[in-house]
Every structure is written in C-alpha cells, then in structure tokens.
Amino acid sequence: MQFRLLAFAPALLAAAGCLHFDTLEEPVKVATHAKDWREAVIYQVLIDRFDDGDDGNNYLLDRENMARYHGGDWIGLENRLDYIQELGVNTLWISPVIKNIETDANVDGYHGYWAVDLTQPNAHFGNLDDLRSLVQAAHERDMLVVIDIVANHMGQLFFYDMNLNGVPDILLQGTGTRPQGTPVPPGFDQSGFTHITEYDPDFNPGGVQAFTSLGPAGPAPIIFPFDPKSGHVTPMPAIFQNPDVYNRKGRTFNYDDPQQLLTGDFPGGLKDVNTTRCDVKQAFVDSYARWIELTDADGFRIDTVKHVEREFWRYFTQRVRQRLAAQGKTKFFMFGEAFDGRDDLVGSFTKNDLPSDEELARENSCDDGPKLTGDQLDSAFYFPQHYQVFRDVFQDAASTDRIANLWANKTVNYGTVAPAASAGVAPHKVLVNFIDNHDVARFLYFARARVDNDPAFAGKSLRDKELRLRAMLQNALLMLMTAEGIPCLYYGTELEYRGGNDPSNREDMWRPYPYLGDTAAPPAFDTTGPTFVFTKKLIEMRKKLAALRRGDTTVVWSTSRTGDESDAGIFAFERAGGDAGGNYALVVFNTNQNHDSRTAFDGTTMTTSAPAGAVLVDVLGGNKQYTVGAGGALDLTLPPVSGMLLVPQQDV
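Position in the sequence shown counted from 1, then plus 13, gives you our numbering.
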C-alpha cells in the first residue's frame with residue numbers, strides 16, 4: 014500500500030456555505046410531508062442487510078463474514094415496501110447514505126458510519142436516482158424517510174506518524190515481563206512494554222506526540238493514506254483535507270473525562286472533528302442539508318451526539334431548519350443518539366438552555382444568519398428507557414416502579430417547548446422509544462440467557478422456554494407501541510431475530526431464520542409469523558386510537574415488589590387527554606416471570622380515571638370485557654409475562 018500526504022488549497026479550505034456535488038443532479042422540489050411526528054412508527058433498516066435489489070452494485074461482497082458488505086441496497090428496500098406497509102409502519106430510518114471508507118483492518122464500512130466523502134452516495138447502496146426513487150416511493154405510500162448522519166467524526170482517514178518514518182506502524186517496544194522461569198541477575202531491571210498503533214493511539218490531552226530513539230519530537234504529523242481499493246481516498250468536501258479541522262488527540266478510552274468525550278477519536282480510528290470551528294459547522298450544515306435538497310427526505314437520526322459540544326447542535330439544528338423551511342420543508346425532525354443510560358445527559362441535548370453570553374456571541378459570529386437561540390434537537394433516542402425498562406423490567410423482571418420514576422423525570426430532563434421552526438412538538442412528548450437496535454444485542458439474545466438461567470425453568474422443555482421468550486418479546490412490543498413517544502422497531506424484530514452484539518445483530522433479512530422453537534425456517538419476509546401478526550395488530554390499534562399517539566400519560570400502578578406479593582411485576586398506565594380527542598386507553602402489564610399478579614395489594618386496588626360502570630375491552634385478549642368499579646377501581650389478574658390493552662367498548 015502506498016501513502017501520500019494530501020495536498021489542499023487554502024482557497025478551498027476557506028470556502029463555506031457553497032460545497033460542490035459536482036457529479037450529482039440539481040435538487041428536487043422539497044415539501045413538507047410530515048403532519049404530526051407523534052403519528053410516526055419508525056422502522057430502522059440497515060441497508061446492507063435488508064434486501065439486494067440490484068446486482069450491478071454487488072462488488073467486494075463476502076456474505077459469510079458478518080463484518081463485510083453483504084449487498085443490500087436502496088432498490089432492495091424499495092422493492093420490499095409492500096412488506097413494510099403490511100406491517101403498518103409509516104416511517105423509514107435508513108443507514109447513512111454518503112460514501113464510506115471501503116474496508117479497514119478486515120472490516121467493511123457496510124454500516125455507513127465511516128465517512129470519507131459527504132458529497133457522494135455510497136455506491137454499494139446505489140446512485141442518487143435510486144435514493145430519490147426510494148424516498149418518492151415512500152412518500153407515495155404516505156411514509157416518511159429519516160436519514161442517519163454523523164457529525165462527530167469522519168472515518169479512519171489518516172494515521173499519526175509518531176515515529177516520523179512516513180508509514181503506519183504498529184509499535185511493540187520494551188522487553189516487558191521476563192519469560193517465566195528466566196532468572197534475573199541482581200540489580201537488573203527490565204523496561205516496560207508498550208503497544209502502539211499509529212492509526213489509533215491512546216488519547217493525549219496535548220495532542221498525539223512524535224518520538225524517536227533520542228526522545229520526544231513534538232506533535233505527530235498526520236498522513237492521509239491514498240489507496241482507492243480500500244476506499245482511503247481524498248476526503249470531501251475539501252475542508253476535511255485540512256489537518257487543522259481535526260482534534261488529533263488520539264483514541265478516547267475514558268468516557269467520564271469530558272475532554273476525551275468531546276475531543277478524542279472514536280475507538281476504531283474514527284477521526285474526531287473540531288466541531289467548535291465555524292467552517293466545520295458550516296460544512297456539516299451545507300453537506301447534510303444538501304442531501305435533503307437532493308432527495309426530499311424528512312428527518313435526521315444523528316449519531317454520537319454526546320461526543321459533540323452543544324454549541325454545535327444549537328448551530329446545526331437551527332441553520333438546517335431555517336435553510337429547509339425557506340424552500341418549503343417544515344416540521345423537519347432531528348433526533349439524536351447519546352449512547353448512555355444517564356437520563357439527564359441524554360435529555361440535555363433537547364433543552365432550550367441558553368448558553369453564556371460569551372458562547373452565544375461566538376456561535377452567532379459564524380455567519381450573518383438569524384440570531385441563534387438555545388434550541389437544539391427535536392428529540393432523543395431514549396436510551397435510559399432501553400436500559401431501565403426493556404432490559405431491567407421486561408427482560409430481568411426488576412421492579413416496575415423504576416418505569417414510573419423514569420417517566421416522572423421527562424419534563425425535568427427533556428425539553429418542554431418545541432424548538433422554533435421545528436417538528437412542532439415538545440421534545441419530552443416525542444422521545445424515540447426502542448427495544449433494541451444495531452448497536453446493542455437483540456432483546457431475545459439477552460432474554461434467552463435469562464430464561465436458560467431461571468431456576469423456575471429447570472427441567473422444562475425447550476418449547477416451554479421458547480414460548481416464554483416469545484411472551485417476553487411481545488410484552489416488550491406492547492410497551493413500545495403504547496408508551497408516549499415515537500416507537501422505533503429494529504428490522505427483524507417482528508420475525509423474532511435474536512442475534513448478539515454487533516455484528517451478530519445485523520442479520521440478512523433475505524436469509525430466513527427459524528422462529529423460536531421451530532426447526533424449519535419460514536419464507537423470507539414472512540408476514541404470517543406470530544410476532545409479525547402481533548406487531549401488526551398493535552400498530553393497527555395505535556393508528557385507530559388517538560390516545561395511543563397523542564394522549565397524555567398517567568401511571569396508575571407501579572410496584573417495588575418482585576417476589577411472591579400479589580402485585581409483583583404489575584405496571585399500568587392510562588393514555589388520555591392532551592390531543593387525544595376524547596379517546597382513552599389503559600395498558601396493564603405483568604412482568605413477573607413466575608406467577609399471576611393482580612392490580613391490588615394489601616387492601617388497595619388500582620383506580621383509573623374511567624367512570625364507574627364503564628366497560629373496557631381487552632383488544633389483545635379475545636375482546637374480554639371488564640367493568641370499572643366505584644371510583645374507577647379495576648381489579649385485574651394477569652398471567653406471568655403478559656399484558657392487556659383495554660379500550661372503551663365503543664372504540665373496539
């Protein structure tokens with residue numbers, strides 16, 4: 014492999030707000046397709062693993078290796094819109110669309126997060142016409158499209174020439190621990206052992222340093238390798254050829270260190286960009302807004318937001334909204350991923366918290382656009398709920414009061430006012446709920462470990478265990494589709510996919526897998542499986558009942574008890590009021606995995622806001638009816654790992 018230091022022109026680096034998409038066509042006419050984002054049910058698609066619709070872009074594939082390209086593309090997804098529409102989802106979240114580094118360290122950029130050129134499409138997924146066709150086809154079916162983007166880092170574009178020899182080395186230095194059994198002469202001391210890769214050295218707050226046999230040699234220069242076969246090519250737009258736009262401090266290894274969090278390279282050699290620079294802010298706005306102008310897509314899912322300063326998000330979100338609104342696209346939705354269980358941290362990116370006068374002055378100095386405010390993202394990927402609710406409660410049968418406690422802090426930790434010119438809904442009302450995704454093991458992977466190690470299942474048949482796993486997943490799906498916010502379903506969950514951590518959780522959708530307990534695999538994209546049918550039913554009820562989309566939430570029962578108590582595992586909440594138009598829904602769970610539980614304990618019975626004498630129908634339980642008692646009392650008994658969706662008789 015040959016390397017060269019990329020040349021760059023100062024005039025290009027100074028340019029901002031006018032990036033060139035030379036080989037792409039002119040923008041399409043954009044429009045507002047979203048009405049109310051609370052109506053959305055998102056389906057996350059990892060493009061490379063969904064469906065292969067075009068043999069013409071199948072190059073460098075290795076379908077037996079989970080870390081390599083498998084061949085899915087935009088045409089394949091468009092060809093499967095019938096399947097997606099049958100399920101009932103109405104919003105697609107697709108992988109990043111831009112050109113990536115092809116392969117690095119025997120791993121491909123099939124996922125889309127290794128950007129090298131923000132101005133060109135990922136040719137593995139298709140060309141611009143293919144992407145436009147997908148978006149247009151989705152809009153014709155009243156579906157929205159959300160594009161995944163990254164602003165924290167680029168791909169592994171360069172290496173740090175720490176020993177000043179011009180090539181990327183892996184350095185092993187020092188004698189280290191003496192071999193076992195080798196005597197050490199008195200007074201002899203061995204040197205320590207050091208392992209350094211010049212592509213991904215550890216974080217140094219002063220910047221990655223060079224050294225020779227004579228000692229320190231100052232900041233390590235960076236070298237951009239040029240190897241078209243692996244996709245290490247000239248980064249674009251041209252600003253990303255400038256070494257000064259990168260923080261160049263090495264790999265983050267301590268996420269609790271704020272400096273590492275914000276300025277360290279992302280593990281794997283992904284180069285951290287200095288997002289405090291005005292030219293960087295402008296380049297990201299121009300690059301990503303341009304993709305909306307080229308395709309008419311409807312929103313962004315934004316990766317790694319906690320690794321970027323809030324001043325960047327204030328600038329980026331407001332300038333993107335303003336630019337698109339001027340062309341007729343309003344209600345553009347931006348939700349961010351902070352891969353973290355800390356609710357206050359995740360929520361901080363949705364709050365309209367005005368920065369200091371000094372910060373605001375610096376941010377407003379970047380251009381002569383409208384004065385910036387404290388507005389940030391429209392919403393966040395609700396990771397705290399993923400951990401505290403779907404993992405702790407629905408997988409591990411922890412106490413349900415943690416759900417109530419988490420939800421009670423929504424208006425404290427998340428924005429309560431919609432950002433100006435945004436999607437138009439307060440962030441705490443449109444948090445993006447999810448069970449699992451491409452970055453965490455699938456729900457059934459962890460659930461299986463739970464059931465296999467549960468003494469209650471000792472001696473039980475494999476079929477019994479797998480029926481319990483299905484019940485656990487379907488209970489989680491009931492929560493996903495009825496909780497306040499926007500549900501996001503990871504592709505394959507409806508088909509009971511159960512892969513472990515990345516990349517095992519990135520299965521090929523066209524390669525059928527047996528359902529739980531079955532020996533034969535169903536047809537690919539099967540619409541008759543038990544969890545597909547159950548999920549479809551839930552989405553139908555969500556669409557039918559405004560309360561499940563826009564109603565306020567009131568928790569009417571939660572418990573700290575997880576043992577033999579009568580209410581152990583019970584959780585219940587109402588959806589009503591707000592913009593629900595008079596609709597009402599009551600959702601009740603038993604998350605206990607060992608016994609029946611009821612909505613009563615120690616002489617106290619659950620009370621609802623439903624009037625006495627009202628008849629509620631469990632639309633998931635054969636339309637069985639329950640009559641509300643005096644004062645709204647409702648005493649229900651649920652089997653282990655089950656749920657009810659109760660609605661007034663007249664709404665069935």
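The C-beta atom is built at its ideal place from N, Cα and C for all residues, glycine as well.
*asked:* Per the DSSP calculation, D285 is bridged to which residue(s)?
replied: Within the sequence shown, the letter at position 272 stands for residue 285. Per DSSP, H166.
*Could you round the C-beta distance between M554 and L658 to whole angstroms and report it? I think they count as a contact, below 8 Å.*
Walking along the sequence shown from the start, residue 554 turns up at place 541. Walking along the sequence shown from the start, residue 658 turns up at place 645. Confirmed, about 6 Å.
*Could you check the C-alpha separation between F16 and W127 for me, to the nearest Å?*
Numbered from its first residue, the sequence shown carries residue 16 at position 3. Numbered from its first residue, the sequence shown carries residue 127 at position 114. Residue confidence for F16 is low, a pLDDT of 33 falling below 50, so the modelled location carries little weight; the figure read from the coordinates is stated next. For F16 and W127, the distance between alpha carbons rounds to 19 Å.
*Apart from the five residues just before and just after D366, which ones in its own chain have a Cβ nearer than 7 Å to its Cβ?*
Numbered from 1 along the sequence shown, position 353 holds the residue referred to as residue 366. Within the same chain, D366 has close Cβ partners G387.
_Cβ contact (3+ pairs, closer than 8 Å) linking the segment 317-336 and the segment 296-305_ = yes
*asked:* Starting from A598, trace the beta strand (DSSP E) in both directions and tell me its first and last residue.
replied: Residue numbering aside, residue 598 sits at position 585 when the sequence shown is read from its first letter. Looking at the DSSP string, the run of the beta strand (DSSP E) that includes A598 is Y597 to N603.
*What residues are listed by DSSP as bridge partners for F279?*
Along the sequence shown, one-based indexing puts residue 279 at 266. In DSSP, F279 forms a bridge with L283.
_Per-residue burial, E115 [other beta carbons within 10 Å of its own, 16 or more giving buried]_ = Within the sequence shown, residue 115 is the residue found at index 102, counting from 1. When all chains shown are included, E115 counts as buried.
*Is the beta carbon of Y395 less than 7 Å from the beta carbon of V445?*
Counting from one through the sequence shown, the residue named residue 395 turns up at place 382. Counting from one through the sequence shown, the residue named residue 445 turns up at place 432. Yes, the pair counts as a contact, with Cβ atoms nearer than the cut-off.
*Do you know how far the Cα of P397 is from the Cα of F459?*
Position 446 of the sequence shown, counted from the start, is the residue given in the question as residue 459. Position 384 of the sequence shown, counted from the start, is the residue given in the question as residue 397. The alpha-carbon atoms of F459 and P397 are separated by roughly 17 Å.
*Is it a yes or a no for the segment 581-599 touching the segment 525-537, going by three-plus beta-carbon pairs under 8 Å?*
no
*Under the assumption that E324 contacts E376 (Cβ atoms under 8 Å), give the Cβ distance between them as a whole number of angstroms.*
Here residue 324 refers to the residue found at position 311 when the sequence shown is read from its first residue. Here residue 376 refers to the residue found at position 363 when the sequence shown is read from its first residue. Contact flag correct, Cβ pair sits at about 5 Å.
*Quick one: Cα of P134 to Cα of L144, how far?*
Reading the sequence shown from its first residue, position 121 is the one you call residue 134. Reading the sequence shown from its first residue, position 131 is the one you call residue 144. Spanning the two alpha carbons is a distance of roughly 9 Å.
*So, are the CB atoms of F602 and G656 less than 7 Å apart?*
Counting from 1 along the sequence shown, the entry for residue 602 is found at position 589. Counting from 1 along the sequence shown, the entry for residue 656 is found at position 643. Closer than 7 Å, so yes.
*Shortest alpha-carbon distance to T104 belongs to which of Q149, V158 and T572?*
For the purposes of this step, residue 104 is identified with residue 91 of the sequence shown, where counting begins at 1. Considering only alpha carbons, the answer is V158.
*How far does the beta strand (DSSP E) with K364 in it reach, from first residue to last?*
Taking the first residue of the sequence shown as 1, we reach residue 364 at position 351. Here K364 belongs to no beta strand (DSSP E), and DSSP marks it neither H nor E.
*With C-beta atoms as the reference, is T604 less than 7 Å away from F407?*
The residue labelled residue 604 in the question sits at position 591 within the sequence shown. The residue labelled residue 407 in the question sits at position 394 within the sequence shown. Against a cut-off of 7 Å, the Cβ pair of F407 and T604 comes out as a contact.
_Check for me: the alpha helix (DSSP H) holding F545 runs from which residue to which?_
To locate residue 545, count along the sequence shown from 1; it is residue 532. It spans P543 to K557 - the alpha helix (DSSP H) in which F545 sits, taken as one unbroken run.
*Thinking just about the alpha-carbon of each residue, which of L94, L141, W420 and L100 is nearest to the one in E38?*
Against the sequence shown, residue 38 aligns to sequence position 25. Selected option, being the one with the closest Cα: L141.
*Looking at C-alpha atoms only, which residue of P181, L73 and F138 is the closest neighbour of F63?*
As a first step, residue 63 is located in the sequence shown; it is residue number 50 there, counting from the start. Checked all of P181, L73 and F138; the closest Cα to F63 is F138.
*Note down, in chain order, each residue of its chain lying with its Cβ closer than 6 Å to the Cβ of V102, except the 5 sequence neighbours on either side.*
Your numbering for residue 102 matches position 89 in the sequence shown. These residues qualify, in order along the chain: V54 and Y56.
*Contact belief for F297 with A164 at Cβ below 8 Å, rounded distance in angstroms*: Position 284 of the sequence shown, counting from 1, holds the residue named residue 297. Position 151 of the sequence shown, counting from 1, holds the residue named residue 164. Rounded, the Cβ-Cβ distance is 5 Å, consistent with contact.
*Where does Y96 sit, in a helix, a strand or coil, going by DSSP?*
Counting from one through the sequence shown, the residue named residue 96 turns up at place 83. Helix.
*Which class does L658 belong to by DSSP, given the choice of helix, strand or coil?*
Start at 1 with the first residue of the sequence shown, and residue 658 comes out as number 645. The answer is strand: DSSP assigns L658 an E or B state.
*So what does DSSP say about E507, is it helix, strand or coil?*
By 1-based counting over the sequence shown, the position of residue 507 is 494. Three-state result, E507: helix.
*Are T618 and A646 close, meaning C-beta to C-beta below 7 Å?*
Position 605 of the sequence shown, counted from the start, is the residue given in the question as residue 618. Position 633 of the sequence shown, counted from the start, is the residue given in the question as residue 646. Yes, these two residues count as a Cβ contact at 7 Å.
*What's the C-alpha gap between V402 and R81?*
Position 389 of the sequence shown, counted from the first residue, corresponds to residue 402. Position 68 of the sequence shown, counted from the first residue, corresponds to residue 81. Going from the Cα of V402 to the Cα of R81 covers about 33 Å.
_For G382 and Q295, I'd like the C-alpha separation in whole angstroms._
Within the sequence shown, the letter at position 369 stands for residue 382. Within the sequence shown, the letter at position 282 stands for residue 295. Cα-Cα distance, rounded: 11 Å.
*DSSP state of S146, grouped into three classes?*
Looking up residue 146 in the sequence shown gives position 133. Reduced to three states, the DSSP call for S146 is helix.
*Going by other Cβ atoms of all chains shown within 10 Å of its Cβ, with 16 needed for buried, is V180 buried or exposed?*
Locating residue 180 in the sequence shown gives position 167, counting from the first residue. The residue in question, V180, is exposed, as its Cβ has fewer than 16 Cβ neighbours within 10 Å.
*Leaving out five residues on either side along the sequence, give the residues of the same chain with a beta carbon under 6 Å from the beta carbon of M175.*
As a first step, residue 175 is located in the sequence shown; it is residue number 162 there, counting from the start. Answer for M175: E211, A223 and A233, listed in chain order.
*asked:* For S378, count the other beta carbons within 10 Å of its own beta carbon; 16 or more makes it buried, fewer makes it exposed. Which is it?
replied: The residue you call residue 378 lines up with position 365 of the sequence shown. Classification for S378: exposed.
*Is the segment 619-633 in contact with the segment 460-476, if contact means three or more CB pairs nearer than 8 Å?*
no
_Just to confirm, is the Cβ distance from R8 to L385 under 7 Å?_
Absent from the structure is residue 8, since the part of the chain shown begins at 14 and ends at 665.
*Going by Cα to Cα distance, which pick from H608, S571, L629 and T575 is closest to Y597?*
As a working note, residue 597 is residue 584 in the sequence shown. Here the closest residue by C-alpha is L629.
_Here's a check: name, in chain order, each residue in its chain whose Cβ is nearer than 6 Å to the Cβ of D67, leaving out the five neighbours to either side._
Your numbering for residue 67 matches position 54 in the sequence shown. Counting only Cβ-Cβ distances below 6 Å, and skipping sequence neighbours, we find D86 and I88.
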